[in-house]
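Remarks on the structure that follows.
In this note's numbering, the protein residues as written are 138 to 426.
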């Protein structure tokens with residue numbers, strides 16, 4: 138909402154006639170307003186179906202958002218019966234979401250990255266929806282879960298601390314993919330970055346993160362990218378709000394804060410990009426989401 142307040146929201150009185158809006162996933166989890174977020178975006182999609190576009194993130198999956206906040210939010214706020222019904226319905230919808238977007242055949246947008254398996258755009262196009270994480274597609278897992286390596290000096294493929302079987306990919310992989318598909322740029326999300334956006338592979342990949350002060354601890358800026366007709370990319374930023382003057386106990390949201398605080402304590406947020414990550418635990422589960 139702050140991004141819409143600052144830079145404008147889709148409306149017939151505004152820019153919707155000549156601007157498309159593309160969102161890169163993770164609409165639920167890791168916050169106490171997932172229901173408002175996904176409901177607003179779906180309402181915008183219904184109102185402007187040709188101009189508002191949503192692709193899928195790794196949290197748009199039942200096995201993930203059952204653990205990281207969305208399921209418990211639905212139950213806490215709607216009651217067990219209606220909450221579980223809503224959660225199931227939303228996840229059925231998530232299985233149909235597109236997995237990437239191609240802009241003017243020159244810029245590809247996805248949630249995670251290209252990982253080890255994705256060499257051609259057609260591999261993404263060939264994925265049949267609806268699709269679940271249980272389908273076992275390596276392409277799907279790479280699209281939703283992989284990350285760039287720490288910086289441009291780290292090439293090739295490396296193990297990803299998020300979990301077994303996941304990788305980070307170097308700038309050489311980015312350049313190879315762009316050359317294979319005649320692309321200028323990859324835009325992806327999936328990691329908190331301090332300035333809201335971060336360039337990689339000499340500018341051929343951008344990580345974009347729109348939530349400010351991720352999980353109430355990162356103190357990061359959020360950003361959107363504006364693309365002109367010439368495909369020049371212009372970042373637009375918003376900065377974290379200053380701390381509230383009143384104590385958390387005085388906040389009307391304090392009761393809702395409790396379950397969110399417990400969740401973050403039990404499943405710590407993904408470290409901001411560039412900061413050390415934990416390794417996968419002994420059970421082989423996903424250490425960071």
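Idealized CB from N, CA, C, for every residue including glycine. Remember, it's a predicted structure, so these values are computed and weren't measured experimentally.
Inter-residue spacing [alpha-carbon to alpha-carbon] between residue i and residue j
| i | j | result |
| --- | --- | --- |
| residue 356 | residue 380 | 10 angstroms |
| residue 324 | residue 165 | 20 angstroms |
| residue 140 | residue 161 | 15 angstroms |
| residue 274 | residue 254 | 10 angstroms |
| residue 152 | residue 366 | 14 angstroms |
| residue 310 | residue 278 | 17 angstroms |
| residue 337 | residue 284 | 11 angstroms |
| residue 437 | residue 398 | Summary: the structure shown does not reach residue 437, with the chain confined to residues 138 through 426, and so no result is reported for it. |
| residue 238 | residue 299 | 24 angstroms |
| residue 395 | residue 168 | 12 angstroms |
| residue 202 | residue 315 | 32 angstroms |
| residue 430 | residue 142 | Lying before the first or after the last residue shown, residue 430 is absent from the chain, which here runs from 138 to 426. |
| residue 322 | residue 243 | 7 angstroms |
| residue 211 | residue 217 | 8 angstroms |
| residue 176 | residue 190 | 14 angstroms |
| residue 213 | residue 370 | 40 angstroms |
| residue 263 | residue 148 | 34 angstroms |
| residue 297 | residue 288 | 14 angstroms |
| residue 260 | residue 276 | 7 angstroms |
| residue 312 | residue 219 | 47 angstroms |
| residue 215 | residue 206 | 14 angstroms |
| residue 301 | residue 157 | 37 angstroms |
| residue 223 | residue 233 | 16 angstroms |
| residue 339 | residue 182 | 34 angstroms |
| residue 303 | residue 286 | 12 angstroms |
| residue 174 | residue 306 | 31 angstroms |
| residue 341 | residue 200 | 32 angstroms |
| residue 353 | residue 204 | 19 angstroms |
| residue 154 | residue 198 | 32 angstroms |
| residue 265 | residue 280 | 14 angstroms |
Counterpart residues of residue i in DSSP-defined beta bridges
| i | result |
| --- | --- |
| residue 189 | 158 |
| residue 345 | 334 |
| residue 306 | 285 and 294 |
| residue 370 | 364 |
| residue 239 | 245 |
| residue 359 | 375 |
| residue 322 | 244 |
Exposure label - residue i; buried when at least 16 CB within 10 Å
| i | result |
| --- | --- |
| residue 368 | exposed |
| residue 225 | exposed |
| residue 317 | exposed |
| residue 290 | exposed |
| residue 163 | buried |
| residue 407 | buried |
| residue 192 | buried |
| residue 272 | exposed |
| residue 328 | buried |
| residue 282 | buried |
| residue 392 | Here the model assigns residue 392 a pLDDT of 48, short of 50, so the residue's position is not dependable and the matter cannot be decided. |
| residue 180 | exposed |
Identity of the residue in the options nearest residue i by Cα
| i | options | result |
| --- | --- | --- |
| residue 332 | 178, 350 and 321 | 350 |
| residue 221 | 172, 312, 365 and 374 | 172 |
| residue 228 | 160, 336, 249 and 196 | 196 |
| residue 409 | 274, 334, 236 and 253 | 334 |
| residue 146 | 168, 163, 170 and 188 | 188 |
| residue 251 | 218, 339 and 294 | 294 |
| residue 138 | 319, 184 and 178 | 178 |
| residue 159 | 354, 271, 347 and 304 | 347 |
| residue 269 | 304, 288, 230 and 219 | 230 |
| residue 267 | 236, 296 and 286 | 236 |
| residue 208 | 286, 313 and 170 | 170 |
| residue 241 | 371, 373, 364 and 372 | 364 |
| residue 330 | 308, 345, 340 and 320 | 345 |
| residue 292 | 234, 308, 341 and 245 | 308 |
| residue 320 | 286, 352 and 245 | 245 |
Integer Cβ distance of residue i from residue j, believed to fall under 8 angstroms
| i | j | result |
| --- | --- | --- |
| residue 194 | residue 257 | Rounded, the Cβ-Cβ distance is 22 angstroms, inconsistent with contact. |
| residue 359 | residue 375 | 5 angstroms |
| residue 430 | residue 144 | Look at the range of the chain in this structure, 138 to 426, and you will see that residue 430 is not part of it. |
Short CB-CB distance (under 7 angstroms) between residue i and chain C
| i | result |
| --- | --- |
| residue 347 | No chain C appears in this structure, which consists of one protein chain only. |
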